[in-house]
Amino acid sequence: MSRHIGSYPLPPYLKSKLLAGGFSTVEDLEDVKPVELSKELKISPEEALEVLRVVQGEQKDPSSASSPDDGVKTALDMLQEEREQGCIITFCSALDELLGGGVPLTKITEFCGAPGVGKTQMGMQLAIDVQIPSAFGGLGGEAVYIDTEGSFMVQRLEDMAKAAMEHCRHIATVENNREQLEAMANFTVEHILSRIHFYRVHDWVELVALVNILPEFLQQHPKVRLVVIDSIAFPFRHDFEDLSLRTRLLNGLAQNCIRLADSHKAAVVLVNQMTTKMGHSGDGQAHLVPALGESWGHASTIRVLLFWEAGCRYARLYKSPSREEATVPYQVTVAGIRDVCIPNNMQDLSTATKEEGDSLGEHSQRKRPRVS
Amino acid sequence: MGDVQGLVLHPRILAAVRKAKLHRHEEVLRFSPADLERLTHLSAKDVGHLVREVSEAVRQRSHAATALQLLLGDCPAELKVKFLSLGCPVLDEFLRGGVPCQGLTEISGESSAGKTQFGLQLCLTVQLPEEWGGLNAGAVYICTEDAFPSKRLTQMAQQFPTRGLVPVQVTKKIRFSDQIFVEHTADKDQLSKCIQSRLPILLERGVVKLVVIDSIAALFRGEYESRETARRAKDLQSLGAQLRKVSQKYSVPVVCINQVSAVVGKRRGNGNISSSQKVIPALGLVWSSLVTTRLMVTRTEHTVQCADGSPAVVRSLEVLFSPHLPNTTQYYIVDAQGVKGLR
Amino acid sequence: MAPLKVGLCPALTAEVLNSLQHAGVRTVTEFVCMDLELMMTRCCVSYKDLVAIRKVLLVQFSAFPVGGSSWYKEILSTTAILSTGNSRLDDMLDGGIYTGALTELMGAPGSGKTQICMSVAIHVASRLEQNVLYVDTTGACSGRRLQEMLQNSAGDKESAALSRIGFRRIFDPWQLLDLLQKTKAAISKQSELFYSKLKLMIVDSVAAVISPTLGGLQTEGHAVMLNVSRQLKVLSSEHAIAVLMTNNVVQGELSEPWPGLGRSWQHIPNTRLLVQVTGTQDRQMLLLKTPRLPRYLSATLKLSAAGILDLHTHTGQEAQRQLEV
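Residue numbers (UniProt numbering), protein chains in the order written: chain A, 1 to 372; chain B, 1 to 343; chain C, 1 to 325.
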């Protein structure tokens with residue numbers, strides 16, 4: 001059965017002309033020359049050429065799926081690919097455990113949380129962690145950091161980079177591993193900072209434009225394995241009278257991001273804010289939900305909620321196709337995002353947090369954390 | 001916003017775009033590629049070129065650098081973050097330089113905790129030359145509740161040179177009180193107007209490089225009924241966005257002084273609670289999401305002796321959140337000269 | 001709307017075709033609808049020729065009714081019912097997922113649609129030993145998770161099962177149409193072994209790839225959506241394949257969950273299930289549209305490392321009350 005004209009990405013007016021002229025399937029266009037076509041349908045020769053080009057399948061779209069003629073890619077192949085591609089490990093083992101090894105490549109991971117919980121810190125930490133040399137089990141890649149809020153402070157990044165470098169050096173020295181020690185030559189603070197490509201965008205127009213250009217940038221910099229957008233919420237939260245425009249723009253951005261992640265084998269990390277929603281779970285109370293609306297919930301593959309509870313920071317895996325929902329504690333120190341050494345009585349707290357169900361954003365007092 | 005006609009594209013594409021009445025870059029990026037095909041009657045390939053050129057042109061507006069370049073200062077001026085000194089070396093060290101010149105900095109606290117003192121002190125330090133931690137320009141002080149404390153300002157201005165922070169030759173040249181512009185606004189519409197029309201005039205000419213709003217809470221409390229939360233949220237959002245735009249466009253610090261609310265019953269988690277656990281900054285989650293750096297001042301129960309022998313209440317300055325500071329506290333006092341950190 | 005071509009029937013020569021085209025008659029439909037006497041005066045073709053052409057065209061292009069019993073026999077021989085691996089879910093679906101029909105799962109983000117899809121894919125590939133084509137439009141499916149589900153149920157023959165699942169990542173509705181076309185062509189040609197044993201196609205999720213084209217200025221998104229649905233229906237009925245799709249949920253008029261993608265899409269699937277979260281691992285499935293069973297049947301599922309396991313079923317009335325609450 002031959003393919004209907006309507007299923008090709010041609011402009012609608014060309015399609016209606018084709019159909020009116022009696023060309024409804026691919027076969028009808030076989031052996032038709034561009035000049036003939038343009039005369040019959042009364043369209044320009046370029047348009048006729050375009051039609052024949054599209055229909056006869058010579059599109060050179062680099063992101064198109066491989067045709068079944070190349071052989072079918074199976075789940076087994078996919079598994080093999082996943083094993084080889086790895087993920088971004090952090091220095092916080094609880095977080096790595098939560099995510100099943102680390103932040104995965106080819107997917108969109110979203111971190112949401114109230115102000116001050118450490119979302120920007122997480123983004124910065126990941127921009128450093130993606131660069132961990134492969135000798136240490138990392139990806140040895142580069143990062144793109146897109147700042148929409150103006151909350152990026154390079155001095156903080158320098159502190160975190162220094163700590164990361166020292167951590168790795170310590171491991172290399174203790175294990176006396178030659179490969180690791182050699183890798184340290186390229187893992188200095190200067191090297192780390194030089195591999196983070198920073199962009200400051202001021203509004204949604206610049207963000208959309210930048211994400212349009214990113215595929216080209218990633219082709220020129222094939223070592224980039226992480227794109228952080230901090231935050232995706234800020235440019236879209238104010239002065240948007242037309243909500244349907246906002247939804248479309250966000251949808252478009254999400255599509256571009258996932259396409260980018262998949263074709264360049266990179267991880268896309270989006271930072272989102274929180275907003276209050278009046279209770280519709282029957283209790284009339286306000287809860288905190290991630291900003292940008294419910295339709296945005298479908299955009300990210302993995303969603304992690306960051307929140308405070310009894311003076312400690314927690315990360316909860318809220319949405320994931322491959323891991324179970326779980327909550328782990330973490331802390332933000334001078335060195336960056338690290339594990340928390342939980343004393344015994346606090347371990348009951350993480351189970352209690354789970355039992356409270358969606359008690360998200362319930363944060364009580366916060367002790368003065370010790371800066372270690 | 002640039003003009004699409006200025007781009008390097010095939011004349012056929014430019015003509016189609018003109019016919020579709022898309023003149024600016026923003027208008028083109030508003031539509032998905034499929035929508036653009038329909039509007040302009042161009043083929044997918046042409047639309048691809050159009051989107052690419054427009055995106056590239058817009059991208060030139062954003063600033064880019066590697067993190068290393070940022071650290072070394074080898075980057076566009078807009079990306080360099082300067083800090084405004086607080087006028088006290090102890091406090092400057094605590095804040096790793098001072099108040100950042102990008103984003104909104106909020107100082108909240110109970111009444112008579114000393115928030116206004118910070119605002120006034122910053123109005124003085126901003127007038128110092130850049131090598132001494134200032135920005136070499138004046139300040140705009142917007143009062144929304146009480147009258148401007150001009151007497152206190154005069155006292156601080158007179159005493160400022162005696163603090164010994166800056167050589168006398170430098171402070172002699174500065175007429176401190178002359179470069180502080182005071183505005184009184186009673187409601188948020190007036191404030192909005194002030195920010196949109198009067199402020200840019202001063203900022204354009206570089207006459208002022210600091211904006212202090214004392215206080216932001218007064219405009220939003222009591223003016224809205226309890227069921228008007230959505231409208232209040234929207235107004236807060238747009239005001240916050242305006243202030244951030246101003247800060248970003250002119251690279252000036254915007255300091256907002258905020259009140260606090262008592263923490264009642266179950267906390268909903270829409271802000272940060274100070275270590276005293278009793279108060280949170282007012283205006284809720286919407287405002288918190290707009291603030292870049294949040295500081296809280298509290299009176300403690302201790303006193304120390306100041307230089308002239310009189311007792312001064314020890315106060316605490318706490319970082320509730322900040323992009324580059326840990327959540328720590330610094331103690332300070334307020335005396336005749338102004339705000340001074342304690343070691 | 002097939003165009004008129006030389007050789008469709010003996011009387012349709014190049015001359016005749018030319019004169020017809022001058023008269024503005026280009027397609028079969030136009031020919032058949034036209035008044036023959038009028039046509040005879042417009043173009044210089046004899047009445048006898050026109051009648052002969054029309055007869056041949058009608059025979060070639062008409063649809064013919066089929067008797068009920070032969071239709072029934074045909075269905076019996078071609079339709080298969082694929083078990084989902086969960087007996088309660090199978091009961092709700094009257095045996096399982098039917099080939100020749102479109103089954104839709106709808107639910108809020110995080111409700112478990114992808115888990116169910118992956119679980120069904122694994123069951124069909126490992127237990128039923130049939131091939132599955134998994135079309136992923138959100139990037140959610142992962143080989144590791146599929147492998148995890150396998151280990152807990154089958155154990156051995158893992159790689160055989162995984163190689164029965166064909167995998168495609170698609171982010172564009174045009175690519176989806178392209179894929180559906182190529183799949184159809186590959187099945188008819190029977191050129192590859194994979195396609196000859198293809199029994200299940202999973203699209204997770206249809207909404208993610210189509211909703212960006214809806215809304216805005218273009219009505220074309222709508223056309224794309226209907227095109228996709230038609231292709232899916234043709235694939236499922238002509239090639240005896242079961243289709244399982246996932247969709248989003250939007251707020252209906254009375255705040256009840258409605259399927260995403262608009263009113264037109266509502267008619268497309270033959271069976272529709274709503275997945276709701278009732279606990280950390282517990283889910284409730286509600287039957288909202290079905291050709292065979294009473295509506296509002298519900299079942300509870302538990303999502304675990306092995307995918308979907310069994311729990312108990314409620315009756316229809318209780319479930320309806322639950323929905324209204």
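Every residue, glycine too, gets a C-beta built ideally from N, C-alpha and C.
Within the same chain, show all residues whose beta-carbon is closer than 7 angstroms to that of residue i, passing over the 5 residues directly before and after it, in chain order.
i                 : result
Lys162 of chain A : Val189
Ala94 of chain A  : Val328, Pro329, Tyr330 and Asp339
Arg96 of chain B  : His324 and Leu325
Phe118 of chain B : Ile107 and Val339
Trp204 of chain A : Pro235, Phe236 and Leu249
Excluding the 5 residues preceding and the 5 following residue i in the sequence, name in chain order all residues of the same chain whose CB lies nearer than 6 angstroms to its CB.
i                      : result
residue 420 of chain A : Given that chain A is displayed from residue 1 to residue 372, the structure contains no residue 420 of chain A and the question cannot be resolved.
Cys143 of chain B      : His184 and Asp214
Cys9 of chain C        : Ile53 and Val56
Arg169 of chain C      : Asp136
Trp258 of chain C      : Val250 and Gly252
Using a Cβ-Cβ distance under 9 angstroms, would residue i count as near chain C?
i                 : result
Leu99 of chain A  : no
Ser44 of chain A  : no
Ala75 of chain A  : yes
Met274 of chain A : no
Arg156 of chain A : no
Glu362 of chain A : Confidence at Glu362 of chain A is low in this model, with a pLDDT of 30, below 50, so its placement is unreliable and the value that follows should be read with caution. Output row for Glu362 of chain A: interface = no.
Does at least one heavy atom of the ligand SAH sit under 8 angstroms from the Cβ of residue i?
i                 : result
Leu286 of chain C : Ligands in the displayed structure: none, and consequently the ligand SAH is not present.
Hey, is residue i's beta-carbon within less than 9 angstroms of any beta-carbon in chain A?
i                 : result
Glu148 of chain C : yes
Lys21 of chain B  : no
Asp282 of chain C : no
Gly100 of chain C : no
Gly271 of chain B : Residue placement at Gly271 of chain B is flagged as unreliable, the pLDDT there being 40, under the threshold of 50; the coordinate-derived value follows with that caveat. Yes - at least one Cβ of chain A is within 9 angstroms of the one on Gly271 of chain B.
Ala242 of chain C : no
Phe167 of chain C : yes
Val250 of chain C : yes
Asn227 of chain C : yes
Arg54 of chain C  : no
Any C-beta of chain B sitting closer than 9 angstroms to the C-beta of residue i?
i                      : result
Ser151 of chain A      : yes
residue 373 of chain A : There is no way to answer for residue 373 of chain A, as the model of chain A reaches only from 1 to 372.
Asn177 of chain A      : no
Glu294 of chain A      : no
Gly6 of chain A        : no
Leu288 of chain A      : yes
For residue i, I'd like the list of residues in its chain whose CB is within less than 8 angstroms of its CB, leaving aside the five on either flank, ordered along the chain.
i                 : result
Gly22 of chain A  : Asp28
Val201 of chain A : Ile146, Asp147, Thr148, Leu207, Leu210 and Pro235
Leu58 of chain C  : Val32
Leu14 of chain B  : Val4, Gln5 and Leu7
Following the continuous alpha helix (DSSP H) through residue i, name the residue where it begins and the one where it ends.
i                      : result
Gln69 of chain B       : Ala67 to Leu72
His25 of chain B       : His25 to Leu29
residue 375 of chain A : Outside the modelled stretch of chain A, which goes from 1 to 372, sits residue 375 of chain A, for which no answer is possible.
Pro89 of chain B       : Pro89 to Phe94
Identify the contact partners of residue i in chain F, using a Cβ-Cβ distance below 9 angstroms as the criterion.
i                 : result
Arg259 of chain A : The structure shown contains no chain F; its protein chains are A, B and C.
What are the boundary residues of the beta strand (DSSP E) that residue i is part of?
i                 : result
Thr275 of chain A : Met274 to Met278
Subject >> Completely contained beta strand (DSSP E) runs for the segment 225 to 288 of chain C, where each covers 3 or more residues >> reply: 242 to 247, 249 to 251, 257 to 259 and 271 to 277
**OP:** Tell me the start and end of each unbroken alpha helix (DSSP H) in the segment 202 to 252 of chain B that is at least 4 residues and wholly inside, in chain order.
**Re:** 217 to 220 and 229 to 250
Original post:
Curious, which full-length beta strand (DSSP E) runs of at least 3 residues does the segment 112 to 176 of chain C contain?
Top reply: 131 to 136 and 165 to 169
Subject >> Completely contained beta strand (DSSP E) runs for the segment 307 to 345 of chain A, where each covers 3 or more residues >> reply: 312 to 319, 327 to 333 and 336 to 338
**OP:** Indicate whether the contact test is met: 3 or more Cβ pairs, each with one atom in the segment 213 to 223 of chain A and one in the segment 23 to 42 of chain B, closer than 8 angstroms.
**Re:** no
**OP:** Specify whether the segment 81 to 93 of chain C and the segment 223 to 232 of chain C touch according to this definition: at least 3 beta carbon pairs, one from each stretch, less than 8 angstroms apart.
**Re:** no
Original post:
So, do the segment 284 to 292 of chain C and the segment 121 to 131 of chain C have three or more beta carbon pairs nearer to each other than 8 angstroms?
Top reply: Fewer than three Cβ pairs drawn from the segment 284 to 292 of chain C and the segment 121 to 131 of chain C lie within less than 8 angstroms of each other, which leaves the two stretches out of contact.
Original post:
Below 8 angstroms, can you find three or more Cβ-Cβ pairs linking the segment 172 to 179 of chain C to the segment 108 to 116 of chain C?
Top reply: Because the criterion of three Cβ pairs below 8 angstroms is not met, the segment 172 to 179 of chain C and the segment 108 to 116 of chain C do not touch.
Original post:
What runs of the beta strand (DSSP E), each 3 residues or longer, lie entirely inside the segment 87 to 112 of chain C?
Top reply: 102 to 107
Original post:
Would you call the segment 224 to 236 of chain B and the segment 164 to 175 of chain B in contact, with 3 or more CB pairs under 8 angstroms?
Top reply: Touching, no, given that fewer than three Cβ pairs across the two stretches are closer than 8 angstroms.
Subject >> Three or more C-beta pairs below 8 angstroms linking the segment 178 to 193 of chain B and the segment 138 to 155 of chain B >> reply: yes
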